[in-house]
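For reference, the structure discussed in these notes is given below.
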Amino acid sequence: MSRVTPPSTAYLDHLVAETAGRRESLAGATSAGGPGDIGHPGTALPDGGAPAAVVAAVEKAAGLLEPELAEIVRRLHEHPEPAFEEHRSVATLVEVLARHGVEAEAGVHGVPTAFRAEAGDPAGPTIAICAEYDALPGIGHACGHNVIAASGVGAFLALREVMASADAPAGRVVLLGTPAEEGHSGKEVLARNGALEGIDAAIMMHPYGLDVADQVWLGRRLLTWTFTGRPAHASAQPYMGRNALDAASLAYQGIGLLRQQMPPVDRVHATIAEGGTRPSIITERAVVHLYARSKYVDTLRDLSRRLDDIAHGAARMTGTDVEITWDDGAHPSLPVRGNRVLTDRWVAAQRRRGRDPLPAGVLSETLAASTDFGNFSFRIPGIHPLVRVSDPDVALHTAEFAAAAATPAAVAAAVDSAAGLASTALDYLYDPDLRAAVHAEFAEEGGAVDVPAYFD
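Heads up: the sequence shown at position 259 corresponds to 259 in the working numbering, and the numbers run straight through without jumps.
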């Protein structure tokens, strides 16, 4: 019989009640003629977009792809592959595209498991649709990237028919296969290798327990502290040693003390991966692995500096040395900067599918994870909405969510998302005024950031 104390659900229960209350308040303000549009209260929705008949055609085309999207959901779920090892997954996606006469190029932008397909005229505006497909080691598609892949492929195939017709808008659609989101910031690798050159905006979806138009995604960095001391006999001559485990323990406690002064949505979590070999020997080497997360790029940089101070302080107190390694073998994942104009188009499309995404601010920002799509969103405008595939109380990165990612609800989410991404892309390509509004908002939010140099 397990003696592990189960966690209380009290806080989650409060969050559910608060979310319901905010949604009711929003509905009341809208019905009473208060300010706001379908996606973001207080933000005017630009007129225009793609012709209704063209949008209806592309959404119908997405619906007709349901059997093949269900195949993608199933096949990727049955054979999950971790970051940078998604060879079978890429082969599946390229195979489905080939059935429709699409020649996708695999191994692009310096990553063997990335792929790219294009439709339309590169001389016009270009929008990218991102498809993720990596899984979590040991737990499979517990983040639902199989659904993301299906939605991206479905959106591209539906759009391809329009791009080849007489009613085609000026411009291009790029389907970008983006591996290694889990723990490796694969999109940053692609961006540094030219994946976004010539691309003006990027869109994608993510499965979740609720339909959400725009939710907080925290920036994330990886960190390793390696403390080095001096070994000695722990009984005969302990005073001749310098204990690296003591330093790791002090640093770990320092994180706990720092939490009292951290902003509410900052996160730091850590494991002591190495802490010695024998109790009778003063530990010479100890290794701590950490994740640091924050809501804004500048607060993530501030948090990084505080963690450096903690490591140096622990080393000084114990007479040990410390090597600090940031983002070794990976890159920082920046917070997502969602574009409100594009988000409103997404919401309109999802409502046509019978969904009702929650606007920004309704779902508590404490329910926040991280994604490398933020690195795209600080280079070009983008959106990263959430689509329901499970019950609201099922968390990402759990066995329960992995099971949900293979259900009929997951297939329905892939089809609805394919239609939503396709129609959002059409609105962007057809309407120059909407594009201007998208890029004006991006400029007002700070414009493009030199991501590689930001944490130097």
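Glycine included, C-beta positions come from ideal geometry on N, C-alpha and C.
None of the values given here were measured: they were computed from a predicted structure.
Looking at the DSSP output, His289 bridges to Thr224 and Thr271. Of all alpha-carbon atoms in Ala405, Gly420, Ala409 and Ala440, the one lying nearest the alpha-carbon of Ile139 is that of Ala405. By the neighbour-count criterion, in which a residue is buried when 16 or more other Cβ atoms sit within 10 angstroms of its Cβ, Pro7 is exposed. According to the DSSP secondary-structure assignment, Ile203 is paired through a beta bridge with Ile129 and Ile383. Counting other Cβ atoms within 10 Å of its Cβ, His109 reaches 16 or more and is therefore classed as buried. Within the DSSP secondary-structure output, Val174 pairs in a beta bridge with Glu118 and Ala128. Taking C-alpha positions only, Ala270 is separated from Thr9 by approximately 24 Å.
For Trp217, DSSP records no beta bridge to any residue. Taking C-beta separations shorter than 8 Å and ignoring five residues to either side along the sequence, the partners of Gly124 in its chain run Pro169, Ala170, Gly171, Arg172 and Leu429, following chain order. Under DSSP, Glu323 takes part in a beta bridge, and its partners are Thr226. Contact check for Ile203 and Ala425: beta-carbon distance about 7 Å, within the 8 Å limit, so the pair qualifies.
Under the three-pair Cβ rule at 8 Å, the stretch 183-199 does not count as touching the stretch 238-250. Exclusion of the five residues before and after Thr343 leaves Gly39, Ala213, Asp214 and Ile383 as the residues of its chain whose Cβ lies within less than 6 Å of its Cβ. Secondary structure in the stretch 58-125: the alpha helix (DSSP H) runs of 4 residues or longer, each lying completely within the stretch, are 66-78 and 87-99 in chain order. Note: Val212 is bridge-paired with Leu358 and Leu386 in the DSSP secondary-structure output. When secondary structure is reduced to three states using DSSP, Ile281 falls in the strand class.
With respect to Arg242, Gly229 sits close: the two C-beta atoms are nearer than 7 Å. Judged by beta-carbon spacing, Ile272 lies beyond the 7 Å limit of Pro231, meaning their Cβ atoms are not closer than that value. Beta-bridge partners of Ser249 (DSSP): none assigned.
The C-alpha of Thr398 lies about 12 Å from the C-alpha of Tyr208. Rounded to the nearest whole angstrom, the C-alpha separation of His331 and Ala166 is 43 Å. In the structure shown, the three-state DSSP call for Ser294 is strand. Annotation for Pro82: Asp134, Ala135, Leu136, Pro137 and Glu182 place their beta carbon closer than 8 Å to its own, counting only its chain and skipping 5 residues before and after. Ranking Arg351, Arg379 and Ser390 by CA distance to the CA of Ser423 puts Arg351 first. Around the C-beta of Ala158, 16 or more other C-beta atoms lie within 10 Å, and the residue is accordingly described as buried. Looking from the CA of Ala403, the closest CA among Met205, Ala142, Arg75 and Gly120 belongs to Ala142. Boundaries of the alpha helix (DSSP H) around Ile148: His145 to Met163.
Each of Val438, Ala201 and Val162 was checked against the Cα of Phe373, and the nearest Cα belongs to Ala201.
Contact annotation: Asp427 and Gly49 have beta-carbon atoms nearer than 7 Å. Counting every other CB atom within 10 Å of its CB across the protein chains shown gives Asp211 a total of 16 or more, marking it as buried. Going by DSSP, Gly420 is part of the alpha helix (DSSP H) stretching over Pro408 to Tyr430. Between Ala62 and Ala155, the beta carbon gap of about 7 Å places them in contact (Cβ cut-off 8 Å). Comparing C-alpha distances from Val54 to each of Ala349, Leu307 and Leu65 shows the shortest one belongs to Ala349. Here the C-alpha atom of Ala191 lies approximately 7 Å from the C-alpha atom of Phe376. A distance of 7 Å or more separates the beta carbons of Ala104 and Val111.
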